[in-house]
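This report concerns only the one structure given below.
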Amino acid sequence: MKGLPLSGRRIIVTRPKGQSEALSALIRQAGGEPLEIPALEIRDLAELAPFYSVINRLDSFDAAIFVSRNAVRKAFALIGERPWPGHLQLATVGNGSREELAARGFSGVITPGGQSDSEALLAMREFSAVAGRRIAIFRGEGGRSVLGDTLAARGALVEHAACYRRALPAAGAALLVSAWEGGKVDAVTVSSGEGLANLIAMLGAGAAERLAATALFVPHPRIADDAARQGLGPVTVAGPGDAQTAAALVAYFGGASYN
75 MKGLPLSGRR IIVTRPKGQS EALSALIRQA GGEPLEIPAL EIRDLAELAP FYSVINRLDS
135 FDAAIFVSRN AVRKAFALIG ERPWPGHLQL ATVGNGSREE LAARGFSGVI TPGGQSDSEA
195 LLAMREFSAV AGRRIAIFRG EGGRSVLGDT LAARGALVEH AACYRRALPA AGAALLVSAW
255 EGGKVDAVTV SSGEGLANLI AMLGAGAAER LAATALFVPH PRIADDAARQ GLGPVTVAGP
315 GDAQTAAALV AYFGGASYN
């Protein structure tokens, strides 16, 4: 591994369980040591009646938007073998959820070409004139409301189909602390604002000191702003994909000597 751009670098990957493998593999290929410690846990909902209320009326909708990979995975796990209405226009806020839909045989999914977020999807021509259209938004419980609020303000009839919830991992705090105590941590990758908040909570009293001295890689400027307000840094906005995050890590460390 010696001589590779991430040789000797220990990098914490905080994505939810089952979603870190691709990024970890890219880090290993570049010579780094990934430590998979989720800062966010994806859990089932206790009450699914509202979700199935939407599913039972899908034929009446014009479009369905999936806000994340988790939304696609959880929604279709719950839908099971039910037929999907062929007339529904499908959209996602990013390439990850589009890839999840493609793996299930869906094509022609509307996805922003640049930044992966609600604002980018709302700026697309397909969602500029939506008055009278019925739109289902598949997402986690809670979360940002800008997508649904903006579509409703444009005259769409919006319903949310929550299909999972996010939680603070029960066992992650000890793993995170031991990662720093067990040796140098060179970088941390964070995939969401909630993940960043959980990371800080999990590290406890030592969070500011540890993270202020550790390179932080995030997918979106909004999360970088959250980190800056917490006094963390340096922060690199890598982009939403695994390849982009790995490339940002290589660019950051590639020219630096390992101490």
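Throughout the sequence shown, residue numbering follows my numbering, covering 75 to 333 in sequence.
The C-beta atom is built at its ideal place from N, Cα and C for all residues, glycine as well.
Helix, strand or coil, according to DSSP, for residue i in the structure here?
| i | result |
| --- | --- |
| ARG303 | helix |
| ALA194 | helix |
| GLU115 | strand |
| ALA298 | helix |
| LEU109 | strand |
| ARG102 | helix |
| ARG240 | strand |
| PRO124 | helix |
| GLN93 | coil |
| GLY77 | coil |
| TRP158 | coil |
| ARG131 | coil |
| ALA317 | helix |
| ALA322 | helix |
Using C-beta distances below 6 Å, list every residue in its chain close to residue i, excluding the 5 sequence neighbours before and after it, in chain order.
| i | result |
| --- | --- |
| THR224 | LEU196 |
| GLN93 | none |
| ALA149 | PHE212 and CYS237 |
| SER171 | PHE140, SER142, ARG143 and VAL146 |
Going by beta carbon distance, what residues of the same chain come within less than 8 Å of residue i, once the five residues before and after it are set aside?
| i | result |
| --- | --- |
| ALA286 | GLY305, LEU306 and GLY307 |
| ALA230 | VAL204, ALA205, GLY206, ARG207, ARG208 and ILE209 |
| LEU97 | VAL87, ARG89, PRO108, THR263, ASP316, THR319 and ALA320 |
| VAL273 | Strictly speaking, residue 273 in this sequence is Leu, with Val absent from that position. Counting only Cβ-Cβ distances below 8 Å, and skipping sequence neighbours, we find THR88, ALA113, LEU250, VAL262, VAL264, ALA281 and LEU285. |
| ARG296 | ASP191 and GLY267 |
Please name the residue or residues paired with residue i in a DSSP beta bridge.
| i | result |
| --- | --- |
| HIS234 | ILE211 |
| VAL292 | VAL311 |
| LEU164 | ALA138 |
| LYS84 | According to the sequence provided, residue 84 is Arg. The question's Lys does not apply to it. According to DSSP, which records beta bridges pairwise, ARG84 is partnered with GLU107. |
Can residue i and residue j be called in contact, C-beta distance under 8 Å?
| i | j | result |
| --- | --- | --- |
| ALA104 | LEU80 | yes |
| GLY106 | ILE85 | yes |
| ALA113 | GLY328 | no |
| ALA194 | LEU164 | no |
| ILE129 | ARG156 | yes |
| ALA275 | LEU242 | yes |
| VAL141 | VAL183 | no |
| LEU119 | ARG240 | no |
| PHE291 | ALA312 | yes |
| LEU277 | ILE101 | no |
| PHE125 | LEU152 | yes |
Identify, in the order they occur along the chain, each residue of the same chain with its Cβ nearer than 7 Å to the Cβ of residue i, setting aside the five sequence neighbours on each side.
| i | result |
| --- | --- |
| ASP300 | GLY267 and LEU270 |
| GLY222 | ILE211, VAL232 and HIS234 |
| MET198 | ILE184 and PRO186 |
| GLU110 | VAL87, SER94 and SER98 |
| PHE135 | LEU162, ARG208, ILE209 and ALA210 |
| ARG117 | TYR238, ARG239 and ALA241 |
| ASP133 | PRO159 |
Open item on the list: As an exercise, report each continuous beta strand (DSSP E) stretch of at least 3 residues that is fully enclosed by the region 256-286, in chain order.
Closed with: List check, beta strand (DSSP E) in window: 261-263.
- [ ] Jot down the residue ranges of each uninterrupted alpha helix (DSSP H) in the region 171-222, minimum 4 residues, whole runs only, in chain order.
- [x] Segments of the alpha helix (DSSP H) lying fully in the region 171-222: 192-196.
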